[in-house]
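Right, one structure below, let's go through it.
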Amino acid sequence: QQQVKQSPQSLIVQKGGISIINCAYENTAFDYFPWYQQFPGKGPALLIAIRPDVSEKKEGRFTISFNKSAKQFSLHIMDSQPGDSATYFCAASPSGTYKYIFGTGTRLKVLA
Amino acid sequence: DVKVTQSSRYLVKRTGEKVFLECVQDMDHENMFWYRQDPGLGLRLIYFSYDVKMKEKGDIPEGYSVSREKKERFSLILESASTNQTSMYLCASSLWTPNQPQHFGDGTRLSIL
Numbered sequence: 001q002q003q004v005k006q007s008p009q010s011l012i013v014q015k016g017g018i019s020i021i022n023c024a025y026e027n028t029a030f031d032y033f034p035w036y037q038q039f040p041g042k043g044p045a046l047l048i049a050i051r052p053d054v055s056e057k058k059e060g061r062f063t064i065s066f067n068k069s070a071k072q073f074s075l076h077i078m079d080s081q082p083g084d085s086a087t088y089f090c091a092a093s094p095s096g097t098y099k100y101i102f103g104t105g106t107r108l109k110v111l112a
Numbered sequence: 001d002v003k004v005t006q007s008s009r010y011l012v013k014r015t016g017e018k019v020f021l022e023c024v025q026d027m028d029h030e031n032m033f034w035y036r037q038d039p040g041l042g043l044r045l046i047y048f049s050y051d052v053k054m055k056e057k058g059d060i061p062e063g064y065s066v067s068r069e070k071k072e073r074f075s076l077i078l079e080s081a082s083t084n085q086t087s088m089y090l091c092a093s094s095l096w097t098p099n100q101p102q103h104f105g106d107g108t109r110l111s112i113l
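For the protein sequence lines, the chains are A and B, in the order given. Under the numbering used here, read the first sequence as residues 1 to 112, first letter to last. Under the numbering used here, read the second sequence as residues 1 to 113, first letter to last.
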C-alpha cells in the first residue's frame, strides 16, 4: 500500500526557533506535495504545496524542501511563534489522480 | 471565500443505528471526499466522488456508503454503526483537475455508544 511516513510525531520548540517536520514516500510516482495545518476544533487548511520539479518553495516563514532522489520532503518553520502551535500533515498525490495520501501528523507546540 | 460545511459538529449514536453525515460545499467543485481522522493514523480516505452520482472507494470503505445526488452535497452513511466507527469525520472538496488543493470542513466528531 502506498505510504507517506511523517516524523516526528510531536515536537516542542522555543519561540523564535526553527521547527522541522520530515516526510518520506515509497515507490510510487507522486507529483504534488501539500502541507496542511490544523488547529484544534478546525479542519486542516492548506499551508503550502510543492511540485517535484522544484527543490524548494518559500512562503513567508514556511519553506518546503524537496529531495526527489531521496523521496523526502520537509517543512521548515522559521522564527516559530506560539500561534504556530498546531498539528501539521504532509500529503502526496499520485500522478494524475485527485487523491491525497496523508502522513500521520506532527503535533507542534511552540513555547512562549 | 471557500466554504465546506458539515451539518453537525458533534453526534452521538447507538450501535446498530443508521447514521448520516452531511457535507455541503459552495465552490462548485467537482470532487468531494470523506476522510476519517484518528490519532496516530492521520487522515484516511473512505470514499470520494468526482461527479454527481459517481463514487469511488478509498482506502477504508468497509461499513460505509456514500450518496451524491447534487453537485454541492456529499453524504456519508454508516449502514449499521459500530463502536469502531467512533472517530472524527472530515469532508473535503476540490476542483476536478489533478493536483488541486483540497478544502476541508471543520469535521464531525461521531461517538458510537
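Beta carbons are placed, not taken as given, at the ideal position from N, Cα and C, and that holds for glycine. All values derive from a computational prediction rather than experimental measurement.
Sequence-distant residues of its chain with Cβ nearer than 7 Å to R51 of chain A (five each side left out): Stepping through the first sequence from its first residue, residue 51 of chain A is reached at position 51. The residues are D31 and Y32.
Ignore the nearest five residues each way along the sequence and tell me which others in Q118 of chain B's own chain have a CB closer than 6 Å to its CB. Because chain B here runs from 1 to 113, residue 118 of chain B falls outside it and cannot be looked at.
Which whole-angstrom value is the C-beta distance of A81 of chain B and I112 of chain B, which I expect to be below 8 Å? Here residue 81 of chain B refers to the residue found at position 81 of the second sequence. Here residue 112 of chain B refers to the residue found at position 112 of the second sequence. Correct: roughly 5 Å between the Cβ atoms.
Would you mind telling me which residues of chain B sit closer than 7 Å to G43 of chain A, beta carbon to beta carbon, in chain order? Counted from its first residue, the first sequence places residue 43 of chain A at position 43. Close to G43 of chain A, with beta-carbon spacing below 7 Å, are these residues of chain B in chain order: L90, F104, G105, D106 and G107.
Reducing DSSP to helix, strand and coil, say where D31 of chain A ends up. Residue numbering aside, residue 31 of chain A sits at position 31 when the first sequence is read from its first letter. D31 of chain A falls in the strand class under three-state DSSP.
Would you call the region 2 to 18 of chain A in contact with the region 94 to 111 of chain A, where contact means no fewer than 3 C-beta pairs closer than 8 Å? The region 2 to 18 of chain A, when compared against the region 94 to 111 of chain A, does touch it at the 8 Å Cβ threshold.
Apart from the five residues on each side of it in sequence, which residues of its chain come closer than 7 Å, Cβ to Cβ, to R61 of chain A? Mapped onto the first sequence, residue 61 of chain A falls at position 61. Answer for R61 of chain A: I77, M78 and D79, listed in chain order.
Out of A:Y88, A:C23 and A:D53, which has the shortest C-alpha to C-alpha gap to G43 of chain A? For the purposes of this step, residue 43 of chain A is identified with residue 43 of the first sequence, where counting begins at 1. That would be A:Y88, whose Cα lies nearest to the Cα of G43 of chain A.
Quick one: which chain A residues come within Cβ less than 8 Å of F48 of chain B? Start at 1 with the first residue of the second sequence, and residue 48 of chain B comes out as number 48. Residues of chain A whose Cβ lies closer than 8 Å to the Cβ of F48 of chain B are, in chain order, Y98 and K99.
Through-space distance from Q37 of chain A to L104 of chain B, alpha-carbon basis: Working through the second sequence from its first residue, we reach residue 104 of chain B at position 104. Working through the first sequence from its first residue, we reach residue 37 of chain A at position 37. The amino acid occupying residue 104 of chain B in the given sequence is Phe; Leu does not appear at that position. Rounded to whole angstroms, the gap between the alpha carbons of F104 of chain B and Q37 of chain A is 11 Å.
In terms of alpha-carbon separation, which member of B:D106, B:S8, B:Y35 and B:Q6 lies closest to E62 of chain B? Locating residue 62 of chain B in the second sequence gives position 62, where the first residue counts as 1. For E62 of chain B, the closest of B:D106, B:S8, B:Y35 and B:Q6 by C-alpha to C-alpha distance is B:Y35.
Near L11 of chain B, what residues of its chain come up, given a Cβ to Cβ distance below 8 Å and the 5 sequence neighbours on each side ignored? For this step, residue 11 of chain B is matched to residue 11 along the second sequence. Within the same chain, Cβ atoms closer than 8 Å to the Cβ of L11 of chain B are found at V19, L21, T108, R109, L110 and S111, the five residues on either side in sequence being excluded.
Determine the extent of the beta strand (DSSP E) in which R36 of chain B is found, giving its start and end residues. For the purposes of this step, residue 36 of chain B is taken as residue 36 along the second sequence, with counting starting at 1. Note, R36 of chain B: beta strand (DSSP E), N31 to D38.
Does DSSP classify Q85 of chain B as helix, strand or coil? Counting from one through the second sequence, the residue named residue 85 of chain B turns up at place 85. Of the three classes helix, strand and coil, the one that applies to Q85 of chain B here is helix, per DSSP.
State the CB to CB distance for the pair A24 of chain A and P94 of chain A, rounded to an integer number of angstroms; the pair is presumed to be in contact (CB under 8 Å). For the purposes of this step, residue 24 of chain A is taken as the residue at position 24 of the first sequence. For the purposes of this step, residue 94 of chain A is taken as the residue at position 94 of the first sequence. Rounded, the Cβ-Cβ distance is 16 Å, inconsistent with contact.
Taking 8 Å as the CB-CB cut-off, is S8 of chain B touching chain A? Numbered from 1 along the second sequence, position 8 holds the residue referred to as residue 8 of chain B. Cβ-Cβ to chain A under 8 Å: no for S8 of chain B.
Rounded separation between A45 of chain A and E17 of chain B - CA only: For the purposes of this step, residue 45 of chain A is taken as the residue at position 45 of the first sequence. For the purposes of this step, residue 17 of chain B is taken as the residue at position 17 of the second sequence. Spanning the two alpha carbons is a distance of roughly 32 Å.
Thinking C-alpha only, which one of B:D28, B:S65 and B:K53 is nearest E79 of chain B? Mapped onto the second sequence, residue 79 of chain B falls at position 79. When C-alpha distances from E79 of chain B are compared across B:D28, B:S65 and B:K53, the shortest belongs to B:S65.
Using beta carbons (cut-off 8 Å, strictly below), is N84 of chain B in contact with chain A? Locating residue 84 of chain B in the second sequence gives position 84, where the first residue counts as 1. It does not: the Cβ of N84 of chain B has no partner Cβ on chain A nearer than 8 Å.
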